[in-house]
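Chains as they are written, first to last, in UniProt numbering: chain A, 1 to 319; chain B, 1 to 309. By construction, the Cβ of each residue, glycine as well, lies at the ideal position given by its N, Cα and C atoms.
In structure tokens, the structure reads:
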């Protein structure tokens, strides 16, 4: 397990327990069970304490944790018969976005999401989850397909943002995002989104303009990265802690503001410590959200989705 | 607002409005460095006489030049919650907002108007880059929705002039949510079969480009306007190479198929009239410098468009 900087006290305790056990292995006469167990309990308590009161910046770090389950892990864990569909039919296939037909509890659906990759090779292949216009255009195509065959669409959000590249701009990054958001608002099938890690600005909205939006407990969803915000407003990228605080990018604040509908509880210590549990919890949330929308007519789904966004902004934070 | 503030000619209006009193009589063209006298500059619609650089123009100034006889009626924008996040960076958001309001004499970064251009009734929206970099917060979102609703009600086209650095960070996710909200507004127009024409002006970037500013039926840009999603500096840092000359400029986008036309500010009015009249099945416009409409401009117009719809 890779420790985050604020997890250092925990790392120390777990390190000691590990050392003790290693010592016992080399000296068969030594009995350290008791001490080691005490340290385990202490570590467990430290973990609980740490994760009970994560600051917004710490949540950013957890949301970006490299060992956190990513889109493909959820697809593998929650869906059967996943059949990836590739390409935007115009330029390329964007590997930062995956999408395709799959079954969710036996029911055919369309699943679309950002994939960040989990080692150097796959991260590069996935462009670190930063989509180019082709990724959004692929998603538009898949949403159209789902709409035509009346399949619910499930999107999994995990991106630092759309890719800021030369080619991406030349091929209309902004237009692709705008059309993807527009497509989200027009399809007559249930559309549910879960922010599983980072919800980075326009690149996230393009998939998350949904009937229901859920966020994992320690995920973030923001108009700009805390570092970006700090460098613009504080003229100092090192002020990201303050920026993370001010931006209200946590699931808890966003639920209060009426921007998201549901928070999915994470295992103690974050999804990265018990991926299976986290994936199951997300599955339950998707099931519940689809349940809330089942039986609704296409025009009702479109109307309610639009109204939901039109109504946004009436709630402030009374903090 | 009473009828006199609505209908008096902006020229008279300007005598009273704080904004029109220039602090500096001379403005330096940011492109070629020529010093330009404020009166000449205003007469030239803030286009540099030497290098033709299109500088920022206030929505009021733009509308005064756009509408026949300079006459337009403002459309009210529903006021959003002020500072819902209680945002504070080095300054409080409410202080930044107040300072911008004081400097501009406007409520926020967008102004709406209805009136006639070349005897063609339209609804217009213009973004104000001088107001907190034209950033899109809840007010701007509300304005675009109000403009679309008004256009639908009057069965008129909507012409939108964009100028923005993107979403307003101080409103956090509520500013980001203006992307879907304004997209809904554009859909209202499309469903009513009303033309939605976007004029991208310098600069239009970020979440604004990635929502209503790229969804027009016709996409026009002013010459040399910077238009893009990510900032050029961010791109250079990401890809670690120098960007080509003219990157993200209107002509570059035109070449890459992202725009329909690049049009000089002075030719815009005529171009808009021509396009709108064809899209709405009206006969060709009468050319020339038209006087203000004789009657109340607000109501008369809709019939022709109605017959079409």
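Task: Inter-residue Cα distance where the pair is residue 266 of chain B and residue 261 of chain A - done: Within the second chain, residue 266 of chain B is the residue found at index 266, counting from 1. Within the first chain, residue 261 of chain A is the residue found at index 261, counting from 1. Distance between the alpha carbons of residue 266 of chain B and residue 261 of chain A: 48 Å.
Open item on the list: Quick check: what's the CA-CA separation for residue 252 of chain B versus residue 246 of chain B?
Closed with: Taking the first residue of the second chain as 1, we reach residue 252 of chain B at position 252. Taking the first residue of the second chain as 1, we reach residue 246 of chain B at position 246. In a straight line, the C-alpha of residue 252 of chain B is about 6 Å away from that of residue 246 of chain B.
Open item on the list: Just to check my reading of the structure: residue 84 of chain B and residue 174 of chain B have Cβ atoms closer than 8 Å, yes? What is that Cβ distance to the nearest angstrom?
Closed with: Translated into positions along the second chain, residue 84 of chain B becomes position 84. Translated into positions along the second chain, residue 174 of chain B becomes position 174. Indeed, because the Cβ distance is near 6 Å, the residues count as touching under 8 Å.
TODO: Please list the partners that residue 131 of chain B has in chain A, where partner means a Cβ-to-Cβ separation under 8 Å.
DONE: Within the second chain, the letter at position 131 stands for residue 131 of chain B. In chain order: nothing, as chain A lies at least about 17 Å away.
TODO: Keeping to the same chain, check which residues put their C-beta closer than 6 Å to that of residue 307 of chain B; ignore five residues upstream and five downstream.
DONE: Along the second chain, read from residue 1 onward, the residue named residue 307 of chain B stands at position 307. In this prediction, residue 307 of chain B has a pLDDT of 44, which is less than 50 and means its spatial position is unreliable; what the coordinates show is noted afterwards. Within its own chain, no residue has a Cβ closer than 6 Å to the Cβ of residue 307 of chain B once the five positions on either side in sequence are excluded.
TODO: Look at the Cβ atom of residue 247 of chain A, then the Cβ atom of residue 275 of chain A, and state whether they are nearer than 8 Å.
DONE: One-based indexing of the first chain puts residue 247 of chain A at position 247. One-based indexing of the first chain puts residue 275 of chain A at position 275. Not closer than 8 Å, so no.
TODO: Go through the stretch 136 to 183 of chain B residue by residue and report every complete run of the beta strand (DSSP E) that reaches 3 residues or more, in order.
DONE: Listed in chain order, they are 158 to 164.
- [ ] List the whole-angstrom C-beta distance separating residue 169 of chain B from residue 259 of chain A, where the pair is believed to meet the contact cut-off of C-beta under 8 Å.
- [x] Counting from one through the second chain, the residue named residue 169 of chain B turns up at place 169. Counting from one through the first chain, the residue named residue 259 of chain A turns up at place 259. Not confirmed; about 15 Å, so no contact.
- [ ] Please name the residue in B:114, B:62, B:164 whose C-alpha comes closest to that of residue 75 of chain B.
- [x] Numbered from 1 along the second chain, position 75 holds the residue referred to as residue 75 of chain B. For the options B:114, B:62, B:164, the alpha carbon positioned closest to that of residue 75 of chain B is the one of B:114.
Task: Under the three-state DSSP convention, the category residue 200 of chain B falls into - done: Start at 1 with the first residue of the second chain, and residue 200 of chain B comes out as number 200. Residue 200 of chain B: strand per DSSP, three-state reduction.
Open item on the list: List, in chain order, every chain A residue whose beta-carbon is nearer than 7 Å to that of residue 87 of chain B.
Closed with: Taking the first residue of the second chain as position 1, residue 87 of chain B is located at position 87. Result: 246.
Open item on the list: Under 8 Å, Cβ to Cβ, is there at least one residue of chain B near residue 306 of chain A?
Closed with: Within the first chain, numbered from 1, the residue matching residue 306 of chain A stands at position 306. Flagged as an interface residue toward chain B: residue 306 of chain A, by a C-beta distance shorter than 8 Å.
Open item on the list: Any beta carbon from chain B within less than 8 Å of residue 234 of chain A's own beta carbon?
Closed with: Taking the first residue of the first chain as position 1, residue 234 of chain A is located at position 234. Interface criterion met: the Cβ of residue 234 of chain A is under 8 Å from a Cβ in chain B.
TODO: Give the single residue among A:170, A:165, A:217 whose Cα lies nearest to the Cα of residue 278 of chain A.
DONE: Taking the first chain and counting its residues from 1, the one referred to as residue 278 of chain A is at position 278. Ranked by Cα distance from residue 278 of chain A, the options A:170, A:165, A:217 are led by A:217.
Open item on the list: I believe residue 255 of chain A touches residue 263 of chain A by the beta-carbon criterion, under 8 Å. Please report the beta-carbon distance rounded to the nearest angstrom.
Closed with: Numbered from 1 along the first chain, position 255 holds the residue referred to as residue 255 of chain A. Numbered from 1 along the first chain, position 263 holds the residue referred to as residue 263 of chain A. So it is a contact: roughly 6 Å between Cβ atoms.
TODO: Please list the segments of the alpha helix (DSSP H) lying wholly inside the stretch 128 to 216 of chain A, counting only runs of 4 or more residues, in order along the chain.
DONE: Counting only runs of at least 4 residues, the stretch 128 to 216 of chain A fully encloses the following alpha helix (DSSP H) elements, listed from N- to C-terminal order: 133 to 148, 166 to 170, 173 to 186, 201 to 208.
TODO: Using 10 angstroms around the beta-carbon of residue 301 of chain B, count the other beta-carbons present and answer buried if the total reaches 16, otherwise exposed.
DONE: Locating residue 301 of chain B in the second chain gives position 301, counting from the first residue. With a pLDDT of only 49 at residue 301 of chain B, under the threshold of 50, the placement of this residue in the model should not be trusted, and no figure is reported.
Open item on the list: Does chain A have any CB closer than 8 Å to the CB of residue 202 of chain B?
Closed with: For this step, residue 202 of chain B is matched to residue 202 along the second chain. Answer no: the Cβ-Cβ gap between residue 202 of chain B and chain A never drops below 8 Å.
Task: Cβ neighbours of residue 8 of chain A in the same chain (closer than 7 Å, five flanking residues each side left out) - done: Taking the first residue of the first chain as position 1, residue 8 of chain A is located at position 8. Result list for residue 8 of chain A: empty, nothing under 7 Å.
Task: Sequence-distant residues of its chain with Cβ nearer than 6 Å to residue 215 of chain B (five each side left out) - done: Within the second chain, the letter at position 215 stands for residue 215 of chain B. Residues of the same chain with a CB within less than 6 Å of the CB of residue 215 of chain B, apart from the 5 flanking positions on each side, are 186 in chain order.
Task: Residues sharing a beta bridge with residue 74 of chain A, DSSP - done: Within the first chain, numbered from 1, the residue matching residue 74 of chain A stands at position 74. Its beta-bridge partners do not exist; DSSP assigns none.
Task: Cβ-Cβ separation, residue 286 of chain A to residue 192 of chain A (assumed contact under 8 Å), whole Å - done: By 1-based counting over the first chain, the position of residue 192 of chain A is 192. By 1-based counting over the first chain, the position of residue 286 of chain A is 286. Residue 192 of chain A to residue 286 of chain A, Cβ: 6 Å. Contact.
Task: Cross-chain neighbours of residue 278 of chain A in chain B, by beta carbon under 7 Å - done: As a working note, residue 278 of chain A is residue 278 in the first chain. Under the 7 Å cutoff, chain B gives no residues; its nearest Cβ is about 23 Å from residue 278 of chain A.
Open item on the list: Give me the subset of the stretch 158 to 173 of chain A whose CB atoms are less than 7 Å from a CB atom of chain B, sorted by chain position.
Closed with: So the close ones are 162, 164, 165, 166, 169, 170, 172, 173.
Task: Boundaries (first-last residue) of the alpha helix (DSSP H) holding residue 264 of chain B - done: Here the question's residue 264 of chain B lines up with position 264 in the second chain. Careful: residue 264 of chain B lies outside any alpha helix (DSSP H) and carries neither H nor E.
- [ ] Return the CA-CA distance between residue 309 of chain B and residue 53 of chain A, expressed in angstroms with no decimal places.
- [x] Within the second chain, numbered from 1, the residue matching residue 309 of chain B stands at position 309. Within the first chain, numbered from 1, the residue matching residue 53 of chain A stands at position 53. Interpretation of residue 309 of chain B is limited by its pLDDT of 39, a score under 50 that renders its predicted location unreliable; no figure is taken from the coordinates.
- [ ] Could you list which residues in chain B have their beta carbon closer than 7 Å to that of residue 139 of chain A, in chain order?
- [x] One-based indexing of the first chain puts residue 139 of chain A at position 139. Result: empty, since nearest Cβ-Cβ is about 14 Å, beyond 7 Å.
- [ ] Report yes or no: do the stretch 67 to 78 of chain A and the stretch 15 to 23 of chain A share at least 3 C-beta pairs separated by less than 8 Å?
- [x] The way I'd put it, the stretch 67 to 78 of chain A doesn't touch the stretch 15 to 23 of chain A; fewer than three beta-carbon pairs between them come closer than 8 Å.
Task: Test: residue 256 of chain B CB closer than 8 Å to a CB of chain A - done: One-based indexing of the second chain puts residue 256 of chain B at position 256. Between residue 256 of chain B and chain A, the shortest Cβ-Cβ separation is below 8 Å.
Open item on the list: Helix, strand or coil for residue 269 of chain B? Go by DSSP, reduced to three states.
Closed with: As a working mapping, residue 269 of chain B is identified with position 269 in the second chain. Look at residue 269 of chain B here: in three-state DSSP terms it is helix.
TODO: Determine the closest residue to residue 170 of chain A out of A:292, A:132, A:70, A:33, with distance taken between C-alpha atoms.
DONE: What you label residue 170 of chain A is simply residue 170 of the first chain in a count that begins at 1. For the residues A:292, A:132, A:70, A:33, the minimum Cα distance to residue 170 of chain A belongs to A:132.
TODO: Report the partner residues of residue 111 of chain A according to the DSSP bridge assignment.
DONE: As a first step, residue 111 of chain A is located in the first chain; it is residue number 111 there, counting from the start. Answer is A:100, A:154.
- [ ] Assign residue 32 of chain B to buried or exposed, taking buried as 16 or more other Cβ atoms, counted over all protein chains shown, within 10 Å of its Cβ.
- [x] Along the second chain, one-based indexing puts residue 32 of chain B at 32. Its Cβ having fewer than 16 others within 10 Å, residue 32 of chain B is exposed.
- [ ] Give the residues of chain A in contact with residue 75 of chain B, contact being defined as C-beta atoms less than 8 Å apart.
- [x] Here the question's residue 75 of chain B lines up with position 75 in the second chain. Per Cβ cutoff of 8 Å: no residues; residue 75 of chain B is ~18 Å from chain A at best.
TODO: Thinking residue 141 of chain B and residue 182 of chain B are a contact (beta carbons under 8 Å), I'd like their distance in whole angstroms, please.
DONE: Start at 1 with the first residue of the second chain, and residue 141 of chain B comes out as number 141. Start at 1 with the first residue of the second chain, and residue 182 of chain B comes out as number 182. With a Cβ gap of about 6 Å, residue 141 of chain B and residue 182 of chain B count as contacting.
Task: Between the CA atoms of residue 61 of chain A and residue 4 of chain A - distance to the nearest angstrom - done: Along the first chain, read from residue 1 onward, the residue named residue 4 of chain A stands at position 4. Along the first chain, read from residue 1 onward, the residue named residue 61 of chain A stands at position 61. Between residue 4 of chain A and residue 61 of chain A, the C-alpha separation is close to 7 Å.
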